[in-house]
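What follows is one structure encoded as structure tokens, with my remarks underneath.
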Amino acid sequence: MKRLVVCGLLPVMLLACQREAPPASAAPATPAADVQPLGEAPPRLEDVVEMDAKFIVGISYPPEANRYPGLAAELHRYAQRARDELMEAVRGAELPAGTMYDLSLSFSTVADTPELLAIAADGSSYTGGAHDNPLIERFVWLVAEERLLTAGALIEDEEDWRAISAFVREQLHAALSQRLDADELEPDERLRLMRSAGRMIDEGSGADVGNYQQFEPVLGSGGKLAGVRFVFPPYQVGPYSDGVQTVEVPAAVLLPHVTPRYRGLFVQG
């Protein structure tokens, strides 16, 4: 059974959406002449399309990311690492006939204010196996400081993370319960899934800053933040089939725990 690439990055990717190697007699496709090759960080980020008999790569960037060279370099490095991993797989073991290696990665703007620019990276990479490997990353660029805002800088104290963890965990358990109710399972099966998925939630949302590295701002009035949305990739707080899960923590809950220097980013009161 042929697998399908998750498309939507670039129009040309739609033409190659089915992951199938070209016939042996077909000449490999080549990137357009004006495509910026991935190597050292470019002066400006450029969308990338690469097609070959064994692989296909599609990477797209939002134009506003080029306003800040430091941020552009971070995005480019992330894309480069993903591409390097794909190329390593291409040089390794062969895929079964009729399938291709592929990388589909889209950077999009989540928030753009005078104080910050937040970029979401979403995509997948297929290097063999039952399904794609998800690519999930968030970048929050502080304009004045010219650096990325990290979860550890936003909330520094371990006790504060316990409070955030308790809120997030409650929301995840509630969402799990709603999903299981919608499935109308037998009581024994519902209990079994509630326990197994619940353990994943408890492990993946514990009061460890490492569990909260991926987050994006939620815009409120006047360009201030109404909260933060924490993003959990597949497997962290649930099985792969549950996909990416998010929990929005409103400013009213978050602010008492935010490092004083960053409280001004949020809606007050």
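Numbering of the sequence shown is given in our numbering, commencing with residue 546 and proceeding in unit increments.
All C-beta atoms in this analysis are idealised placements derived from N, C-alpha and C, irrespective of residue type, glycine included.
Do residue i and the ligand ATP come close, with the Cβ less than 7 Å from some heavy atom?
| i | result |
| --- | --- |
| Arg-612 | Summarising the ligand content, the structure contains no ligands, and the ligand ATP is consequently not present. |
Run the CB neighbour count on residue i, radius 10 Å, all protein chains shown included, and call it buried at 16 or more, exposed below.
| i | result |
| --- | --- |
| Ser-649 | buried |
| Pro-732 | exposed |
| Gly-603 | buried |
| Gly-509 | The requested residue 509 is not part of the displayed model; the chain covers only 546 to 814. |
| Arg-535 | With the chain represented from 546 up to 814, any question about residue 535 goes unanswered, as that position is not in the structure. |
| Glu-715 | exposed |
| His-802 | buried |
| Ser-766 | exposed |
| Ala-675 | exposed |
| Leu-815 | Examination of residue 815 is not possible in this model, given that the chain is present from 546 through 814 alone. |
| Gly-668 | buried |
| Arg-740 | exposed |
| Pro-778 | buried |
| Ala-638 | exposed |
| Asp-677 | buried |
| Ala-624 | buried |
| Thr-622 | Rather than Thr, the amino acid found at residue 622 in this sequence is Arg. That one is exposed. |
Terminal residues of the continuous alpha helix (DSSP H) containing residue i?
| i | result |
| --- | --- |
| Gly-615 | 614-635 |
| Ser-722 | 703-728 |
| Pro-732 | 732-749 |
| Leu-770 | Taken as a continuous stretch (DSSP letters only), Leu-770 belongs to no alpha helix (DSSP H), being part of the beta strand (DSSP E) at 770-777. |
| Gly-697 | 696-699 |
Near residue i, which residues of its chain fall below 8 Å by C-beta distance, leaving aside the five closest residues on each side in sequence?
| i | result |
| --- | --- |
| Glu-691 | Tyr-613, Gly-615 |
| Glu-609 | Thr-654, Asp-657, Leu-662 |
| Leu-631 | Phe-600, Val-602, Tyr-646, Asp-647, Leu-648, Ser-670, Thr-672 |
| Pro-659 | Val-688, Gly-768 |
Can you tell me whether residue i is helix, strand or coil according to DSSP?
| i | result |
| --- | --- |
| Asp-677 | coil |
| Tyr-785 | helix |
| Val-754 | helix |
| Pro-762 | strand |
| Leu-810 | helix |
| Glu-682 | strand |
| Leu-693 | strand |
| Leu-799 | helix |
| Pro-805 | helix |
How long is the line joining the alpha carbons of residue i and residue j, rounded to whole angstroms?
| i | j | result |
| --- | --- | --- |
| Ala-689 | Glu-704 | 28 Å |
| Leu-693 | Gly-783 | 28 Å |
| Tyr-671 | Met-645 | 8 Å |
| Ala-598 | Ala-634 | 14 Å |
| Leu-699 | Thr-791 | 18 Å |
| Trp-706 | Glu-729 | 35 Å |
| Val-812 | Leu-770 | 6 Å |
| His-718 | Tyr-780 | 15 Å |
| Glu-595 | Tyr-606 | 15 Å |
| Glu-701 | Ala-711 | 16 Å |
| Ser-786 | Gly-743 | 15 Å |
| Ala-569 | Leu-800 | At Ala-569, the pLDDT of 35 sits below 50, so the modelled position is not reliable and the matter cannot be decided from this model. |
| Val-488 | Gly-768 | The first residue shown for the chain is 546 and the last is 814, placing residue 488 beyond what the model contains. |
| Val-797 | Ile-709 | This sequence places Ala at residue 797; Val is not what is there. Near 12 Å, if we compare the C-alpha coordinates of Ile-709 and Ala-797. |
| Gly-814 | Ala-720 | 28 Å |
| Lys-626 | Glu-591 | According to the sequence shown, residue 626 is Arg rather than Lys. About 16 Å. |
| Ala-752 | Arg-737 | 25 Å |
How is the beta strand (DSSP E) around residue i delimited, first residue to last?
| i | result |
| --- | --- |
| Glu-793 | 790-795 |
| Ser-670 | 661-671 |
| Ala-656 | 646-657 |
| Gly-603 | 600-605 |
| Glu-595 | 593-596 |
If you drop the 5 nearest sequence neighbours on each side, which residues of the same chain put their C-beta closer than 7 Å to that of residue i?
| i | result |
| --- | --- |
| Val-776 | Ile-681, Arg-683, Gln-759, Phe-760, Glu-761, Val-789, Thr-791 |
| Leu-640 | Tyr-646, Gly-673 |
| Gly-749 | Asn-756, Phe-777, Gln-781, Val-782 |
| Val-763 | Leu-770, Ala-771, Gly-772, Val-773, Arg-774, Glu-793 |
| Tyr-735 | The sequence shown places Arg at residue 735, not Tyr. Contacts found: Leu-725. |
When you compare the CB of residue i with every CB in chain B, is at least one pair closer than 8 Å?
| i | result |
| --- | --- |
| Ser-649 | Going by chain labels, chain B is absent from the structure shown, which holds only one protein chain. |
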